[in-house]
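Here's the structure we're looking at; comments come further down.
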Amino acid sequence: MITESHASGADDGQPFQRGYSFWTTRVSMLIDLLLPRRCVSCGRSGGPVCRACLDGLPRVGASHCSRCGGPTAVPMLRCRDCARTSPAYATARSALLYEGVTRLVVSAWKERGVRTLANQLAAIIGADIPARGGATVTWVPPDLSRQLRRGHHPARALARELAAQWGTPGGDLLIRTRPARRQARLARAERYTNVCGAFESRGPCEGEIVLVDDVFTTGATVDECARALRRAGATRVDVVTLARAPR
Ligand SMILES: [Zn+2]
Ligand SMILES: [Zn+2]
């Protein structure tokens, strides 16, 4: 298994390697320090998202499916979706509902790559979702063209913050084997076809893995990633995402 220190500080997927991404991360941190930011939601100073707006983001809460983490009217062991599918992950959990202000915040974070926001969003997840002791944290690997345009990879930033917060190791375990079309434009069934076989483990895996992504929509991407990790030897994969799209 390929592991790395969660405290390496670089954002290039390689342990302690100070390349292009190392400097772009530092330049973006400098810009964060120099430019006054307004909250993307209410416009008050204290951005990119002010404390009040962060605290008011809609939570998934206790009423959810214990398998896929989707919000339900009452807590249940297996929702209708989980009864007819058999995902490769053991559980999925999300902290926020992907609606209203959450959509604004996620969009600002993904497009602007504000480092402090990754830290704050990881704290929101950590408040609701406990660490899995002994598990290695990894992330859904980036689509290269989108990463180049944004200059950062939100899922990786979130995974690193979470690993640091939980005190668990982080590892760059997955690669994309081929480019896939953007999932956002596809219907549910097309999403599964689009990512089928699109991920591979970088090497043999062992033990339990926590797979991190930004938004859980149909679960097609994380399911395919979990499948690749299980194929490589992971005994269990649990998915953690910041937000959960409505069904
Ligand atoms: Zn605000
Ligand atoms: Zn479910």
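My numbering puts the first residue of the sequence shown at 5, with every later residue one more than the last.
Think of the CB as a built atom: it goes at the ideal place given N, C-alpha and C, for glycine as much as any other residue.
So what does DSSP say about residue i, is it helix, strand or coil?
i	result
I179	strand
A11	Residue placement at A11 cannot be trusted, given a pLDDT of 38 that sits under 50; the coordinates are not used to answer.
L215	strand
T106	helix
T142	strand
L166	helix
P158	helix
G130	helix
I want to check one thing, is the minimum distance from the CB of residue i to the heavy atoms of ligand 1 below 7 Å?
i	result
S149	no
S45	yes
V53	yes
A56	yes
R235	no
R48	yes
Whole angstroms is fine: what's the gap from residue i's alpha carbon to residue j's?
i	j	result
P250	C209	32 Å
V44	R116	11 Å
C83	L166	27 Å
L162	P145	12 Å
V110	T225	18 Å
V180	R206	The residue you asked about is not Val; residue 180 is Arg in the sequence shown. Distance between the alpha carbons of R180 and R206: 10 Å.
L81	R71	6 Å
A168	A122	12 Å
T106	L100	7 Å
A92	V241	8 Å
E103	A56	17 Å
To the nearest whole angstrom, what separates the beta carbons of residue i and residue j, a pair I think is in contact under 8 Å?
i	j	result
E228	A247	Between A247 and E228 the Cβ distance is about 19 Å, and since that is not below 8 Å, they are no contact.
T245	S149	Not a contact, Cβ separation roughly 22 Å.
P79	H68	7 Å
G223	A96	6 Å
L177	I133	Incorrect: roughly 20 Å between the Cβ atoms, too far for contact.
A184	N198	5 Å
With DSSP as the reference, identify every bridge partner of residue i, one or two as the case may be.
i	result
C69	M80
L101	R248
T95	D242
E204	I179
S49	R42
R63	L100
P173	Looking at the DSSP assignment, P173 forms no beta bridge with any residue, so it has no partner.
I'd like to confirm something about residue i: is its beta-carbon nearer than 7 Å to some heavy atom of ligand 2, or not?
i	result
G104	no
T192	Going by the sequence as given, residue 192 is Arg instead of Thr. Answer for R192: no, Cβ out of range of ligand 2.
D85	yes
G74	yes
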